[in-house]
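Everything on this sheet refers to the single structure shown next.
Number of protein chains: 4
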Amino acid sequence: MSHNSFGHLFRVTTWGESHGPALGCVVDGCPPGLRLDAAMIQTFLDKRRPGTSRFVTQRREPDEVRILSGVFGDDRILEAHGGTVTTGTPISLMIDNVDQRSRDYSDIRDRYRPGHADQTYDAKYGLRDYRGGGRSSARETAARVAAGAVARQVLGPDIVLRGAVVQIGPHMIDPQAWDWDETERNPFWCPDAAMATVWEGFLDDTRKAGSSAGAIIEVQAHGVPAGWGAPIYGKLDAELASAMMSINAAKGVEIGAGFAAATLSGEENADQMRYEDDDLMFLSNNNGGVAGGISTGQDIIVRLAIKPTSSILTETKSVTRDGENVDVRTKGRHDPCVGIRAVPVAEAMLACVLADAKLRHRGQTGL
Amino acid sequence: MSHNSFGHLFRVTTWGESHGPALGCVVDGCPPGLRLDAAMIQTFLDKRRPGTSRFVTQRREPDEVRILSGVFGDDRILEAHGGTVTTGTPISLMIDNVDQRSRDYSDIRDRYRPGHADQTYDAKYGLRDYRGGGRSSARETAARVAAGAVARQVLGPDIVLRGAVVQIGPHMIDPQAWDWDETERNPFWCPDAAMATVWEGFLDDTRKAGSSAGAIIEVQAHGVPAGWGAPIYGKLDAELASAMMSINAAKGVEIGAGFAAATLSGEENADQMRYEDDDLMFLSNNNGGVAGGISTGQDIIVRLAIKPTSSILTETKSVTRDGENVDVRTKGRHDPCVGIRAVPVAEAMLACVLADAKLRHRGQTGL
Amino acid sequence: MSHNSFGHLFRVTTWGESHGPALGCVVDGCPPGLRLDAAMIQTFLDKRRPGTSRFVTQRREPDEVRILSGVFGDDRILEAHGGTVTTGTPISLMIDNVDQRSRDYSDIRDRYRPGHADQTYDAKYGLRDYRGGGRSSARETAARVAAGAVARQVLGPDIVLRGAVVQIGPHMIDPQAWDWDETERNPFWCPDAAMATVWEGFLDDTRKAGSSAGAIIEVQAHGVPAGWGAPIYGKLDAELASAMMSINAAKGVEIGAGFAAATLSGEENADQMRYEDDDLMFLSNNNGGVAGGISTGQDIIVRLAIKPTSSILTETKSVTRDGENVDVRTKGRHDPCVGIRAVPVAEAMLACVLADAKLRHRGQTGL
Amino acid sequence: MSHNSFGHLFRVTTWGESHGPALGCVVDGCPPGLRLDAAMIQTFLDKRRPGTSRFVTQRREPDEVRILSGVFGDDRILEAHGGTVTTGTPISLMIDNVDQRSRDYSDIRDRYRPGHADQTYDAKYGLRDYRGGGRSSARETAARVAAGAVARQVLGPDIVLRGAVVQIGPHMIDPQAWDWDETERNPFWCPDAAMATVWEGFLDDTRKAGSSAGAIIEVQAHGVPAGWGAPIYGKLDAELASAMMSINAAKGVEIGAGFAAATLSGEENADQMRYEDDDLMFLSNNNGGVAGGISTGQDIIVRLAIKPTSSILTETKSVTRDGENVDVRTKGRHDPCVGIRAVPVAEAMLACVLADAKLRHRGQTGL
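Just so you know, the protein sequences line up as chains X, D, F and L, in that order. Here the numbering used here is used: the first residue of the first sequence is 1, the next is one more, and so on. Here the numbering used here is used: the first residue of the second sequence is 1001, the next is one more, and so on. Here the numbering used here is used: the first residue of the third sequence is 2001, the next is one more, and so on. Here the numbering used here is used: the first residue of the fourth sequence is 3001, the next is one more, and so on.
As structure tokens, then:
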């Protein structure tokens, strides 16, 4: 019920506003005995951190995470595990907000920025913390990334999660040119070297124009065994759809062939099967690794559409909370394409959904 | 947690297999004092019923619903309300399965049909009721439609829910030709009369070829006030994404501009605002009526992609549960395009999500 | 959230009113492959059935249960398991109401019977199905007993659940005289033969006087391994307290020494431990088998207090829903001591809590 | 599902170990616009704080609370409300652990203290943070008290919550002598001045003997309107039973007449009703303000039994985690009667349950 929590057996509750003293999360339901320390979480936070290139917001946040509970290590544990481990109790993670640049928010206070949640928060709550977007700021996703690092420990090393940007504005990568290593070599998580160059020019233009661009992201999970997930309303793809759509600025989610499946014939779409050396093999993966809500054993493939950053320098028609017509321009430090920094967030959500599915699978079937 | 339930305050739990004696649902959390009788629910079930045209399965199911609990009407109530009303207690709805055609299922028992949940149910549970697809059959959606009829009573007459098919196979409607009345005049819920003729020919060919086609569906809600939904993980669009992706054969969901938003610039995508005669008006609806997870007051617009029916007459490569390679052909009565009958189901899910959001909104904000 | 559901991974949703056409439940989350048929459930329903002695209500209900979904058996399964088994999908159980004696309810309609939920249902919902108490009738507990039979299959034969009445009115059994076999030989589930005779006289007097009596029930679970349950808010004893207090007319719950623990010293209360032949043994069980919310491996011991049946023949001062003062007498067929028929219900709730704890334990700790 | 969370619409998630750097909670679902600042919460924490008399543990913890999110106040709000207010977003509360006295825990590490959760945490998780009891320490209840202060703001000033100790060891107060003001004048929350003197002597003896004593606590809520709560499994008394039983060392819960109801006749137990000047009045309150799981409008009355503090100086027979028999004595700073400090905790749980019931009532009935 609580709308700041996600998951069932592996359950994450986040808290914090953009310009409050800190933000964080509580991860409840993590099994005991898993290696976990702050450095392991920091690795993932660093992937999402602002200020790492000119294509992301210049807000300077070290995003240093502290573990306040739920891990333990005495001599015996340190020796056996090489570090602290989870205890099965709730893991509280906290990140201080450092760069809450002091400024005058009186314009945002009364004016609704189109595309932002200003109007809707006021409609729902009657008031809002407007500093930096308050709770609706994408800073909340730092807590997700931290939780995702814990989820990865639940999944273990045999499940590999990866993400890439596959489209920015109208510029789509060439799937044939896909190279996972390439995603680490450019500031866009772009798996297609040639397209990375195109995006660089396109986003430089976008940024200089004070405009913004949308993107499409793809995340994959390799190594998920067949049988995770559940039928009907607990479908693995339904959980993934909810998880991805909860990311700031997401407007669409698809699994496997996704919307393109609508144009295929039944024959083209069928993921045919064969046994090869006692292993069940599929001849295609239009289902994206999920059938009937349950994992097939193939790679899980999810794409999500991210709308262009709502904060732009161009004047747009808008209103004040008191009913006046005004024109607004969003000043300040913003990502020209929020889709880029959404990659580690989408990976984290994928990790959380799968960790939950793994734990639930035991309870659903095991005696 | 329970994967056969959906919603929070307005909560639906469905049960039943394709070839069991009956199927049904329990609707918990419906407020008291709402008019409800079986005939009101039947109207919606009749929209989804099989056998109504040659473009849907020829299974003959009257799909007559009985209300077993949760409504009451003595003389006083009948006079005041014109019929029975809800009491606030759980509403149990049941539909008998009538046309479970007697046949030999030994081929399905052992062979996995590509695209179906055969392999995954076996992977998860180790056994399955394979008769007619068992629990994974789209017959389960009859219970959703029944629940959706109750949800509509919660929403009241001022909120109008509608659905249409906007694409079948590669054939997309012309949005300029959209006419809601037209959806009642053809067997496809097609809002574009010219396209309905195209689909008729296309689906006749598809059916005769023993093949199947995918589709894209759009559902809309008009009259939802600003403020429903919630931030972060309880986002109205995240709930909708989960609801839609839980429908059989769904592979993608988008809100408003959806995937197309990725190609827009920030200026193009911004839903600008103006006050007109004290009413907040938006100059576009790329957000599809949801910002920051909360309704804006504009129409809620959701589209979902439905893959082609997995049951086709063409032989496909597959395997048995015992590890043999086989070729399978699915005989029997099937929808050439399951997307058509998915329209009332998607409407029902939209109704359920909104009814839940309406009730939660009171608890989230009201004192 | 839904108040007609109980449990988390093993989740029961009940529905139905006293005088509606039927009542039932949906059991979601039962693992696959467990033997289950209607006869196995019927055994437990027969223990709770009305009309079995002069000390319980004379309403004549056969309480025959039907399984509408969630079990399956083809030749292969029948041969391997000796009968139908669960499939992992929701199990829908239904019991027809047969003896809804036709009568005039106009007095109950407007008058609030003290101790009943008449006033509170009206306060909450503004209306109620008053026939036989509607949803607040103890007939709802038939569905719990049916669900409890499924829960026992989850627990398996090594966990033994038993219940007894230990006090009726002021007459308490002698704990030294406890004999489980005796509970099957008298109509009170009394483990003390001498006390059964006392109760017989006492309840005959109570019944003839048109009065009613309260009772204290004890239920035990033997064979629960150490480690089930969870800390803090998911404590096994907190779940049990909620489960027992949800039974009609329950006013108190205690675990192990319970309220008597308040009078003990720390030394007296401590359940000291010793290893004997590699088995951890406790020298007492004041904790009732739960410490820190987690099972210790000892017997789980729970007691609950049941208030006297609210329906009595004596006139009591009351009011109408329209604000008049009136005197009411409850006619009709009633249990002189509802505590007796509450024994199989309390056992069923114990079974459901433990089945849920068993399944959750896997998800909480296992990888 | 998550066992470190409590409540539904008003939902509290706690985290933290006794000897970690801090502990805290996230309160999700608090409606917007309620006055809240740290000083308002601190008042309640100070009632629970250790070290305030010789009858409670001498651990020195200032228990200073910080609000990290969920409240906001700009000039406009400060002027209108006189301080910061809730925004509807999650409220993160944190309390630093200050007095984690450095010591050698090697004896606790391996030895199970009878009555504590040492054996059960190890049985469940395979390891535990044993420093000061780790997560099972009553320090967790500081977070509950902080959350309870927020819940009181949801309830508003018209609902008055109060608590008292009514029995310590074998010494029970005289209900006729009950004086609420007296509870503020002695270190025991004792409403009977004469009994406070008896307890002082009794607990001095207990403390000097290195022993401990149990207690019975009563908490009451005045001003709760009729209609809160829900039938069947969401009963207000079932929620209260779960809440109270989740408090450390609780072994029993009762509502109204509780266990004593078992000894009453139907006539004695009936809470008769009369209208007086248009107000519904009850002639007794054996139901403790709840009938059929729904509030009657009378005072809610709940009692809970707290077992004697498990930490005692007397040697008790026990075992090590490695299977050896040992004798253990618990050194260190402990409450001779934990029941005393449990009073503000029980009040806080009552506040949380009622705040949740208030919010749910809107969603359950309102349109």
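Even for Gly, the Cβ is constructed at its ideal location relative to N, Cα and C.
In whole angstroms, what is the alpha-carbon distance linking residue i and residue j?
{"i": "F2188(F)", "j": "P2308(F)", "result": "15 Å"}
{"i": "E127(X)", "j": "L161(X)", "result": "For the sequence presented, residue 127(X) should be read as Leu rather than Glu. If you take the alpha carbons of L127(X) and L161(X), they lie about 39 Å apart."}
{"i": "H8(X)", "j": "H3003(L)", "result": "11 Å"}
{"i": "R139(X)", "j": "S1310(D)", "result": "42 Å"}
{"i": "D2122(F)", "j": "A3249(L)", "result": "38 Å"}
{"i": "I3067(L)", "j": "N3097(L)", "result": "16 Å"}
{"i": "G3339(L)", "j": "P3191(L)", "result": "15 Å"}
{"i": "L3203(L)", "j": "P3021(L)", "result": "32 Å"}
{"i": "T1316(D)", "j": "Y1105(D)", "result": "18 Å"}
{"i": "L354(X)", "j": "L1240(D)", "result": "20 Å"}
{"i": "G214(X)", "j": "D1335(D)", "result": "37 Å"}
{"i": "A1209(D)", "j": "E267(X)", "result": "11 Å"}
{"i": "G2024(F)", "j": "L1093(D)", "result": "11 Å"}
{"i": "K3331(L)", "j": "G3033(L)", "result": "47 Å"}
{"i": "Y3275(L)", "j": "G3234(L)", "result": "29 Å"}
{"i": "L1036(D)", "j": "L1350(D)", "result": "19 Å"}
{"i": "D2028(F)", "j": "I3173(L)", "result": "47 Å"}
Please return the same chain residues whose Cβ sits closer than 6 Å to the Cβ of residue i, not counting the five positions on each side in sequence.
{"i": "D118(X)", "result": "Y112"}
{"i": "H3222(L)", "result": "V3160 and D3299"}
{"i": "D3129(L)", "result": "E3017"}
{"i": "G385(X)", "result": "Nothing about residue 385(X) can be reported from this structure: the residues present for chain X run from 1 to 367 only."}
Compute the beta-carbon to beta-carbon distance between residue i and residue j, rounded to the nearest angstrom, for a pair I have assumed lies under 8 Å.
{"i": "L2280(F)", "j": "V3319(L)", "result": "6 Å"}
{"i": "I941(D)", "j": "K251(X)", "result": "Limits of chain D in this structure are 1001 at one end and 1367 at the other, which puts residue 941(D) out of reach."}
{"i": "V302(X)", "j": "V166(X)", "result": "About 12 Å separates the two Cβ atoms, so there is no contact after all."}
{"i": "V2026(F)", "j": "W1015(D)", "result": "5 Å"}
{"i": "G3070(L)", "j": "I3041(L)", "result": "Rounded, the Cβ-Cβ distance is 12 Å, inconsistent with contact."}
{"i": "I3216(L)", "j": "A2270(F)", "result": "With 8 Å as the limit, I3216(L) and A2270(F) do not qualify as a contact, their Cβ atoms being about 20 Å apart."}
{"i": "S1136(D)", "j": "G289(X)", "result": "Actually they are not in contact, since the Cβ atoms of S1136(D) and G289(X) sit about 17 Å apart, beyond 8 Å."}
{"i": "G2134(F)", "j": "E2017(F)", "result": "5 Å"}
{"i": "C2352(F)", "j": "A2243(F)", "result": "7 Å"}
{"i": "F10(X)", "j": "D356(X)", "result": "4 Å"}
In chain order, what residues of the same chain have a beta carbon less than 7 Å from the beta carbon of residue i, not counting five sequence neighbours either side?
{"i": "V2345(F)", "result": "R2048, T2141, R2144, V2145 and I2247"}
{"i": "L1045(D)", "result": "D1063, V1065, A1142, V1145 and A1146"}
{"i": "V1326(D)", "result": "R1111, S1318, V1319 and T1320"}
{"i": "Q2364(F)", "result": "A2230"}
{"i": "N186(X)", "result": "A196"}
Just to confirm my understanding: we take residue i, look at its own chain, exclude 5 residues before and 5 after, and list those with CB closer than 8 Å. What are they?
{"i": "P3031(L)", "result": "T3086, G3088, V3154 and L3359"}
{"i": "A3273(L)", "result": "The residue asked about is misnamed: residue 3273(L) is Met in this sequence, not Ala. So the list reads L3280, M3281, F3282 and L3283, once near-sequence residues are dropped."}
Sorry if obvious, but does the Cβ on residue i come closer than 7 Å to a heavy atom of the ligand SAH?
{"i": "K317(X)", "result": "This structure does not include the ligand SAH; it has no bound ligands of any sort."}
Just grab the DSSP bridge partners of residue i for me.
{"i": "C2025(F)", "result": "T2014(F) and L2093(F)"}
{"i": "I340(X)", "result": "Paired residue(s): none; I340(X) is not in a bridge."}
{"i": "T3330(L)", "result": "Partner(s): none; T3330(L) has no beta bridge."}
{"i": "M2281(F)", "result": "R2274(F)"}
For this session: Report the residues of the segment 3157 to 3171 of chain L with a CB closer than 7 Å to any CB of chain D, ordered along the chain.
Result: none
Exercise. Can you list, in chain order, the residues of the segment 293 to 309 of chain X whose Cβ is nearer than 8 Å to any Cβ on chain D?
Worked result: G293, I294, S295, T296, G297, A305, I306, K307, P308 and T309
For this session: Determine which residues of the segment 1341 to 1360 of chain D have a Cβ less than 8 Å from any Cβ of chain L, and write them out in chain order.
Result: K1358, L1359 and R1360
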